[in-house]
Amino acid sequence: MLLDYCCRCCGVTLIKRHGPATLKTTPSDTWVVLQNLLMCMVCFYSLYYIAVSLCIGLLRVHEINSLLAPFDYTTQPSWQNPKYLVGVISTEVTYFLGGLVFAWIVEEWVWDYAITVTLLHVAMTVAVMSDFPSAEHWWIALGSGLVMMIFGGQLLAYRLFKSNFVYPEELQNF
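In the working numbering, each residue carries its 1-based index in the sequence shown increased by 1.
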């Protein structure tokens with residue numbers, strides 16, 4: 002999504018389109034997308050740190066670095082490990098609530114922003130931890146959270162903004 006808008010703005014074609022492009026993107030449209038993406042990122046990490054703080058307080062875990070908690074994939078997975086529970090619970094709560102907040106911010110494109118924010122989160126994790134995450138439990142938590150974010154956010158967006166949704170022409174008379 003972000004790459005496509007940036008390429009259209011700069012006049013570069015990376016994605017082959019069949020037929021003429023129906024969307025005429027102006028620089029103001031690109032700025033709206035970037036502004037929405039920035040708001041989604043700020044909301045995502047704000048929710049993450051709120052969830053981490055609440056989990057640390059509720060589970061009374063004191064030996065965790067709360068600043069690195071969203072990026073920590075090195076914790077050994079065990080349901081008896083409170084540090085692991087803080088990471089998993091805060092990740093899932095953040096993704097669930099993030100989808101609902103994204104629906105309010107971007108209205109109908111929740112899935113697009115959810116995937117973009119998750120990819121940026123993975124990139125930031127690689128940058129912060131200086132290593133690519135290879136822990137399966139981290140990817141499973143991330144993937145299940147992303148699915149919850151997409152379905153919960155899209156469902157809420159559909160319910161709230163049903164009259165604003167853009168439907169394809171061929172499905173109008175289905």
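Backbone N, C-alpha and C define an ideal beta-carbon position, used for all residues, glycine too.
From a predicted model like this one, the values you see are computed outputs, not experimental measurements.
Given a cut-off of 8 Å, decide if A124 and T95 are closer than it, judged by their beta-carbon atoms. Here residue 95 refers to the residue found at position 94 of the sequence shown. Here residue 124 refers to the residue found at position 123 of the sequence shown. No, the Cβ-Cβ distance between T95 and A124 is not below 8 Å.
In three-state terms, what does DSSP make of G20? Against the sequence shown, residue 20 aligns to sequence position 19. Any reading at G20 is ruled out, since the residue's pLDDT is 42, under 50, leaving its predicted position unreliable.
Straight-line CA distance for G58 to M149? For the purposes of this step, residue 58 is identified with residue 57 of the sequence shown, where counting begins at 1. For the purposes of this step, residue 149 is identified with residue 148 of the sequence shown, where counting begins at 1. One C-alpha to the other measures close to 25 Å.
Rounded C-beta distance between F97 and G144? I'm assuming under 8 Å. Position 96 of the sequence shown, counted from the first residue, corresponds to residue 97. Position 143 of the sequence shown, counted from the first residue, corresponds to residue 144. Contact flag wrong, Cβ pair sits at about 14 Å.
Y46 to L156, Cα distance in whole Å? In the sequence shown, the residue the question calls residue 46 occupies position 45. In the sequence shown, the residue the question calls residue 156 occupies position 155. Rounded to whole angstroms, the gap between the alpha carbons of Y46 and L156 is 22 Å.
L101 versus V33: straight-line alpha-carbon distance, rounded: For this step, residue 101 is matched to residue 100 along the sequence shown. For this step, residue 33 is matched to residue 32 along the sequence shown. Roughly 20 Å between the two C-alpha positions.
Rounded to the nearest angstrom, how far is the Cβ of V87 from that of L60, given a contact under 8 Å? As a working mapping, residue 87 is identified with position 86 in the sequence shown. As a working mapping, residue 60 is identified with position 59 in the sequence shown. Indeed, because the Cβ distance is near 6 Å, the residues count as touching under 8 Å.
How should V89 be labelled, buried or exposed, when 16 other C-beta atoms within 10 angstroms of its C-beta is the threshold for buried? As a first step, residue 89 must be located in the sequence shown, where it is residue number 88. Buried is the call here.
Count the other CB atoms, across all protein chains shown, that sit within 10 Å of the CB of S79; report buried if there are 16 or more and exposed otherwise. Stepping through the sequence shown from its first residue, residue 79 is reached at position 78. Counting the other Cβ atoms within 10 Å of the Cβ of S79 gives fewer than 16, which makes it exposed.
For A158 versus V129, is the C-beta distance shorter than 8 Å? The residue given as residue 158 occupies position 157 in the sequence shown. The residue given as residue 129 occupies position 128 in the sequence shown. By the CB criterion at 8 Å, A158 and V129 fall outside the cutoff.
I need the straight-line Cα distance from L55 to D30, nearest angstrom please. Working through the sequence shown from its first residue, we reach residue 55 at position 54. Working through the sequence shown from its first residue, we reach residue 30 at position 29. So the alpha carbons of these two residues sit roughly 37 Å apart.
Segment limits, alpha helix (DSSP H) that includes D113: In the sequence shown, counting from the first residue as 1, residue 113 sits at position 112. Residues 111-130.
Taking 8 Å as the cut-off, decide whether the C-beta atoms of A104 and L147 are in contact. As a working mapping, residue 104 is identified with position 103 in the sequence shown. As a working mapping, residue 147 is identified with position 146 in the sequence shown. Here A104 is not near L147, since their CB atoms are 8 Å or more apart.
If you drop the 5 nearest sequence neighbours on each side, which residues of the same chain put their C-beta closer than 6 Å to that of R160? Residue 160 sits at position 159 when you count from the first residue of the sequence shown. None.
Per DSSP, what kind of secondary structure is V43 in: helix, strand or coil? Locating residue 43 in the sequence shown gives position 42, where the first residue counts as 1. Helix.
Near T76, which residues of its chain fall below 8 Å by C-beta distance, leaving aside the five closest residues on each side in sequence? The residue you call residue 76 lines up with position 75 of the sequence shown. In its chain, beyond the 5 residues on either side, N82, K84, Y85, G88 have a beta carbon closer than 8 Å to the beta carbon of T76.
Please state the DSSP three-state secondary structure of V62. Residue 62 sits at position 61 when you count from the first residue of the sequence shown. Correct three-state label for V62: coil.
Measuring only the C-alpha atoms, how far is L39 from H63? In the sequence shown, counting from the first residue as 1, residue 39 sits at position 38. In the sequence shown, counting from the first residue as 1, residue 63 sits at position 62. Cα to Cα, the separation comes out at about 31 Å.
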